[in-house]
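Colleague:
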Amino acid sequence: AQSVTQLGSHVSVSEGALVLLRCNYSSSVPPYLFWYVQYPNQGLQLLLKYTSAATLVKGINGFEAEFKKSETSFHLTKPSAHMSDAAEYFCAVSPAAGNKLTFGGGTRVLVKP
Amino acid sequence: GAVVSQHPSWVICKSGTSVKIECRSLDFQATTMFWYRQFPKQSLMLMATSNEGSKATYEQGVEKDKFLINHASLTLSTLTVTSAHPEDSSFYICSARVSSTGVYEQYFGPGTRLTVT
């Protein structure tokens, strides 16, 4: 069984400040981990993924995430927030052997000018 | 590449009627597609896995007779909400599975907003 917990349903950051979105997972098998972004009334866009290679994963739009097995975490960061980063972000996990995704509850990011 | 479309993007139907939502992979073939629903301000919940040429696999609690899924070709899966009721109003999102460098990825469609009046 798998589950994902995203700490904080809403995050507010100032433009130019660090963005940190937290994700903890539970998985009975080595997980594949993903971060997706969703803009209003749109589908999901993949930001980055962890697939058991490098633990520090770089994605699109300046985002990166670090897989920490000891902490069962996969937090997403971006050094400097941009207004266009305002969106909903979802962390997801799938078993290594397949790809049924289990999503976290999502974190809505608000960027203040 | 790896573009997934959905049609319609939004639909309003009356209670008791049926509505069909299409999910297409535009530039690739997908033997497996997934259907999710998302209630306002909530996360995505997997409804079913759609496999080309075979019956869909439904998640626990999803009524297969109410949410009919057909995956008749490698580029098209359809979700039909039968006898729709207001509680079926939701955002329905499909995804198509693609193998990339040995790892499966899901590419998501833009979603279909269903409102049942």
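Residue numbers (the working numbering), protein chains in the order written: chain A, 5 to 117; chain B, 84 to 200.
Positions of the beta carbon are idealized from the N, C-alpha and C atoms, including for glycine.
None of these values were measured; they are calculated from a predicted model.
1) Between A:THR9 and chain B, is the shortest Cβ-Cβ distance under 8 Å, so that the two count as touching?
2) Looking at C-alpha atoms only, which residue of A:GLU19, A:ALA91 and A:GLN10 is the closest neighbour of A:LEU48?
3) Using 8 Å as the threshold, is the C-beta distance between B:TRP118 and B:SER133 below it?
4) Can you list, in chain order, the residues of its chain whose CB lies under 8 Å from that of A:LEU105, leaving out five sequence neighbours each side?
5) Taking 8 Å as the CB-CB limit, is B:TYR187 close to chain A?
6) In the structure shown, what three-state DSSP assignment does A:ASN65 receive?
7) So for A:PRO34, helix, strand or coil by DSSP?
8) Give the interface partners of A:LYS104 over in chain B, defined as CB-CB distance under 8 Å, in chain order.
9) Alpha carbon to alpha carbon, what distance is there between B:ALA155 and B:LYS103?
10) What are the partner residues of B:PHE150, as DSSP defines its beta bridges?
11) Hey, quick one: how far does the beta strand (DSSP E) through A:TYR43 stretch, first residue to last?
12) The beta strand (DSSP E) with A:LYS53 in it runs from where to where?
13) Where does A:SER13 sit, in a helix, a strand or coil, going by DSSP?
14) Contact check, A:ASN103 vs B:ARG180 under 8 Å by CB: the rounded distance?
15) Between B:ILE176 and chain A, is the shortest Cβ-Cβ distance under 8 Å, so that the two count as touching?
16) Start and end of the beta strand (DSSP E) containing B:LEU197?
17) Where does B:GLU170 sit, in a helix, a strand or coil, going by DSSP?
18) My output table needs one value for A:SER74: the three-state DSSP class, helix, strand or coil.
19) Report yes or no: is there a C-beta of chain B within less than 8 Å of the C-beta of A:TYR36?
20) Can you round the beta-carbon distance between A:PHE78 and A:CYS27 to whole angstroms, since I take them to be within the 8 Å contact cut?
21) List the residues of chain A whose Cβ lies closer than 8 Å to the Cβ of B:SER126, in chain order.
22) If we ignore side chains and look at the alpha-carbon of each, how far apart do A:SER16 and A:GLY109 end up?
23) Give me the Cα-Cα distance between A:LEU60 and B:CYS96, rounded to the nearest whole angstrom.
24) Would B:SER160 pass as a contact of B:MET128 if the rule is Cβ separation under 8 Å?
25) Among B:PRO91, B:GLY99 and B:SER178, whose alpha-carbon lies nearest the alpha-carbon of B:THR79?
Modeller: Working from what's here:
1) What you label residue 9 of chain A is simply residue 5 of the first sequence in a count that begins at 1. With 8 Å as the cut-off, A:THR9 does not count as an interface residue toward chain B.
2) Here residue 48 of chain A is taken as the residue at index 44 of the first sequence, counted from 1. The closest CA to that of A:LEU48, considering only A:GLU19, A:ALA91 and A:GLN10, is found on A:ALA91.
3) Within the second sequence, residue 118 of chain B is the residue found at index 35, counting from 1. Within the second sequence, residue 133 of chain B is the residue found at index 50, counting from 1. In this structure, B:TRP118 places its C-beta atom within 8 Å of the C-beta atom of B:SER133.
4) The residue labelled residue 105 of chain A in the question sits at position 101 within the first sequence. Taken in chain order, the residues that qualify are PHE38, ALA96, VAL97 and SER98.
5) On the second sequence, position 104 is the one that residue 187 of chain B refers to. Judged by the 8 Å Cβ criterion, B:TYR187 is in contact with chain A.
6) For the purposes of this step, residue 65 of chain A is taken as residue 61 along the first sequence, with counting starting at 1. Looking at A:ASN65 - three-state DSSP - the assignment turns out to be helix.
7) Numbered from its first residue, the first sequence carries residue 34 of chain A at position 30. Coil at A:PRO34, not helix or strand.
8) Sequence index remark: in the first sequence, residue 104 of chain A carries index 100 (1-based). What A:LYS104 touches in chain B: PHE117, LEU129 and THR132.
9) Looking up residue 103 of chain B in the second sequence gives position 20. Looking up residue 155 of chain B in the second sequence gives position 72. About 14 Å.
10) Position 67 of the second sequence, counted from the start, is the residue given in the question as residue 150 of chain B. Per DSSP, B:VAL164.
11) As a first step, residue 43 of chain A is located in the first sequence; it is residue number 39 there, counting from the start. First-last for A:TYR43: undefined, no H or E at that position.
12) Taking the first residue of the first sequence as position 1, residue 53 of chain A is located at position 49. Here the beta strand (DSSP E) through A:LYS53 covers 48-54.
13) If you number the first sequence from 1, residue 13 of chain A lands on position 9. Three-state result, A:SER13: coil.
14) Within the first sequence, numbered from 1, the residue matching residue 103 of chain A stands at position 99. Within the second sequence, numbered from 1, the residue matching residue 180 of chain B stands at position 97. Their Cβ separation, rounded to whole angstroms, is 6 Å, which keeps A:ASN103 and B:ARG180 in contact under 8 Å.
15) On the second sequence, residue 176 of chain B is found 93 positions in, with the first residue counted as 1. It does; some Cβ of chain A falls within 8 Å.
16) Residue mapping note: residue 197 of chain B aligns to position 114 of the second sequence, counting from 1. Its beta strand (DSSP E) spans residues 195-199.
17) Position 87 of the second sequence holds residue 170 of chain B. The answer is helix: DSSP assigns B:GLU170 an H, G or I state.
18) Here the question's residue 74 of chain A lines up with position 70 in the first sequence. The answer is helix: DSSP assigns A:SER74 an H, G or I state.
19) Here residue 36 of chain A refers to the residue found at position 32 of the first sequence. Cβ-Cβ to chain B under 8 Å: yes for A:TYR36.
20) Counted from its first residue, the first sequence places residue 78 of chain A at position 74. Counted from its first residue, the first sequence places residue 27 of chain A at position 23. Contact holds; Cβ gap of about 5 Å.
21) Here the question's residue 126 of chain B lines up with position 43 in the second sequence. PHE94, PHE107, GLY108, GLY109 and GLY110, listed in chain order.
22) Position 12 of the first sequence, counted from the start, is the residue given in the question as residue 16 of chain A. Position 105 of the first sequence, counted from the start, is the residue given in the question as residue 109 of chain A. Between A:SER16 and A:GLY109, the C-alpha separation is close to 17 Å.
23) Your numbering for residue 60 of chain A matches position 56 in the first sequence. Your numbering for residue 96 of chain B matches position 13 in the second sequence. If I take the Cα positions, the gap works out to 47 Å.
24) On the second sequence, position 77 is the one that residue 160 of chain B refers to. On the second sequence, position 45 is the one that residue 128 of chain B refers to. No.
25) Because residue 79 of chain B is not part of the residues shown, which for chain B are 84 to 200, the question remains open.
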